[in-house]
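In the working numbering, the protein residues as written are 94 to 621. For every residue, glycine included, the Cβ atom is placed at its ideal position computed from N, Cα and C. Just so it is clear, the structure is predicted and the values come from calculations on it, not from any experiment.
Put into structure tokens, the structure is as follows:
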């Protein structure tokens, strides 16, 4: 057996080191190392090298190329590894099937184990972002760039930081970029919708980072997604599988995509001054096509070409209606059979008093459900402190838990406290679109008489009427701190002083002018 074959067998079959081979074979360390280096550079399957005759092997290793060696080298050709990788990106394709197809076309092809070994070696030579094999149309990796872009307010000159959303398809690396004002859930989901439109479809799985806009908690026991984000995934029929915390390898595709976008796009825009996020997105879009169309040297194709070959055919079609951002909360139906949502009230059927209900709301609508069944729909109110009350939700008699309440009952209670308390209750009921909505506030205010007494409550009602303050919290605060006393006493002193100075025969007073205006109005009416 030639020295070359002996060295190669000991090295690759027995996994011996250079020193061990030298000790066992008696061949010098330099010669052993040289044989191994030449074989590594040849990148030819070991079985085919060992099958060569000693003469052909000598020619192959010492560049004494004869006609025989030329024939041998031609027979040692490799498959197109780039094409092998593309084929493996197709869902359902396996290495074994590809090897069998190549073996059928080229009977002298090396073994399946050698096929795997050389393919793995090829994967290690290309861009690290391409080392992981991803099925076509399977995963979309999502993250925000740590680098932001300044936006200048043209009026105030204030500078805000635009957030840069980046998404990368696993198989092709086709990339989408979108700037937004914040990383809020609403902006985050809006960037997803834009990305789906950009790709012309949706993948099987979304792989976001663990930002709060997407994930509430991610522990071994399970993942809790943000309700709005989960609803968006359900709308498009896409699964959401967040990357594991502190496991950057789970989203290495987008990590490298973010770095590339920072260098290829954001750095090119560093000297531009932007006055709006839309203006920034326009510039990003101009550069994004150039990035996606750039040829990847190791693969010989651009991300755009790979997208149309691999990912696009496997994406799921977009739904006809784009996702409308929704928010979710749980509320308790109050004594007035309304739920509170951002300062406004929305009615539900009175039989749900005291029940916990689920509220789903958009910029235009409010939907209220109880145990999975929808019990009320309302248009979203644009102004705070207004109410949306449906007549069919009202009971024939407003019965709340164990007692009946109505305006007469409330005013009768207020009369026991004082005139100003009664007037304040009337004002509160008039301030609401439906009197029923005021009952809760009126009952809470009148109940304060049990704690602070009738006299104190009457005095604070006087001050509340003067200041036009109808909030229970504000009135109770005045009672606790007794600040109403200072205001009440000051107004009383002013009233006494005015009464003293105005007590003069030559001063007509406001009553005279009110009467004079009434007479003038009657004269005009008679002339008509």
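Unbroken alpha helix (DSSP H) run spanning residue i, endpoints
i: residue 62; result: The structure shown does not extend to residue 62, since the chain spans only 94 to 621, so no value can be given for it.
i: residue 414; result: Where residue 414 is concerned, there is no enclosing alpha helix (DSSP H), given that its DSSP letter is neither H nor E.
i: residue 509; result: That residue, residue 509, is in no alpha helix (DSSP H); it is neither H nor E in DSSP.
i: residue 404; result: Careful: residue 404 lies outside any alpha helix (DSSP H) and carries neither H nor E.
i: residue 552; result: 547-560
i: residue 125; result: 122-135
i: residue 242; result: Residue 242 -> not in any alpha helix (DSSP H); beta strand (DSSP E) instead, spanning 242-245.
i: residue 574; result: 565-574
i: residue 175; result: 174-181
i: residue 197; result: 188-198
According to DSSP, residues forming a beta bridge with residue i
i: residue 481; result: 439
i: residue 298; result: 232, 332
i: residue 312; result: 315
i: residue 467; result: 462
i: residue 237; result: 258
i: residue 472; result: 458
Which of helix, strand or coil DSSP assigns to residue i
i: residue 430; result: coil
i: residue 317; result: strand
i: residue 206; result: helix
i: residue 368; result: coil
i: residue 387; result: coil
i: residue 98; result: helix
i: residue 323; result: helix
i: residue 496; result: At residue 496, the pLDDT of 48 sits below 50, so the modelled position is not reliable; the number obtained from the coordinates is stated separately. Reduced to three states, the DSSP call for residue 496 is strand.
i: residue 544; result: helix
i: residue 144; result: helix
i: residue 394; result: strand
i: residue 424; result: strand
i: residue 376; result: helix
i: residue 109; result: coil
i: residue 214; result: helix
i: residue 248; result: coil
i: residue 486; result: helix
i: residue 583; result: helix
i: residue 265; result: coil
i: residue 539; result: helix
i: residue 85; result: There is simply no residue 85 to check, as the chain begins at 94 and stops at 621 in what is shown.
i: residue 119; result: coil
i: residue 446; result: coil
i: residue 501; result: helix
Status (buried if at least 16 other CB within 10 Å, exposed otherwise) for residue i
i: residue 140; result: exposed
i: residue 406; result: exposed
i: residue 440; result: buried
i: residue 134; result: exposed
i: residue 114; result: buried
i: residue 577; result: buried
i: residue 227; result: buried
i: residue 484; result: exposed
i: residue 246; result: exposed
i: residue 289; result: buried
i: residue 176; result: exposed
i: residue 365; result: exposed
i: residue 198; result: exposed
i: residue 393; result: exposed
i: residue 348; result: buried
i: residue 62; result: With the chain covering only 94 through 621, there is no way to say anything about residue 62.
i: residue 319; result: buried
i: residue 360; result: exposed
i: residue 200; result: exposed
Residue range of the unbroken beta strand (DSSP E) whose run includes residue i
i: residue 259; result: 252-262
i: residue 453; result: 449-454
i: residue 272; result: 268-273
i: residue 282; result: First-last for residue 282: 278-292, but that is the alpha helix (DSSP H), not the beta strand (DSSP E).
Any non-hydrogen atom of the ligand NAP within 6 Å of residue i CB
i: residue 432; result: Ligands displayed in this structure: none; no statement on the ligand NAP is therefore possible.
Three or more C-beta pairs below 8 Å linking the stretch 235-247 and the stretch 257-267: Taking a cut-off of 8 Å for Cβ pairs, the stretch 235-247 and the stretch 257-267 touch, as three or more such pairs fall below it.
Segment contact, 8 Å Cβ cut-off, at least three pairs: the stretch 553-568 with the stretch 502-519: Here the stretch 553-568 makes contact with the stretch 502-519; the two share three or more CB pairs at distances below 8 Å.
Cβ contact check for the stretch 415-426 and the stretch 382-398: 3 or more pairs under 8 Å: Flag = no, the stretch 415-426 and the stretch 382-398 do not touch.
Touch test, the stretch 259-277 against the stretch 428-442, Cβ-Cβ under 8 Å, three pairs minimum: Judged by Cβ distances under 8 Å, the stretch 259-277 makes no contact with the stretch 428-442, as fewer than three pairs qualify.
Stretch pair the stretch 324-335 + the stretch 296-303: three plus CB contacts closer than 8 Å: Note that the stretch 324-335 touches the stretch 296-303; at least 3 beta-carbon pairs, one per stretch, sit closer than 8 Å.
Stretch pair the stretch 266-278 + the stretch 367-378: three plus CB contacts closer than 8 Å: Yes, since at least three Cβ pairs between the stretch 266-278 and the stretch 367-378 fall closer than 8 Å, the two stretches touch.
Cβ contact (3+ pairs, closer than 8 Å) linking the stretch 395-411 and the stretch 453-473: Counting Cβ pairs under 8 Å, fewer than three are found: no touch.
Cβ contact check for the stretch 542-557 and the stretch 505-512: 3 or more pairs under 8 Å: The stretch 542-557 vs the stretch 505-512: in contact.
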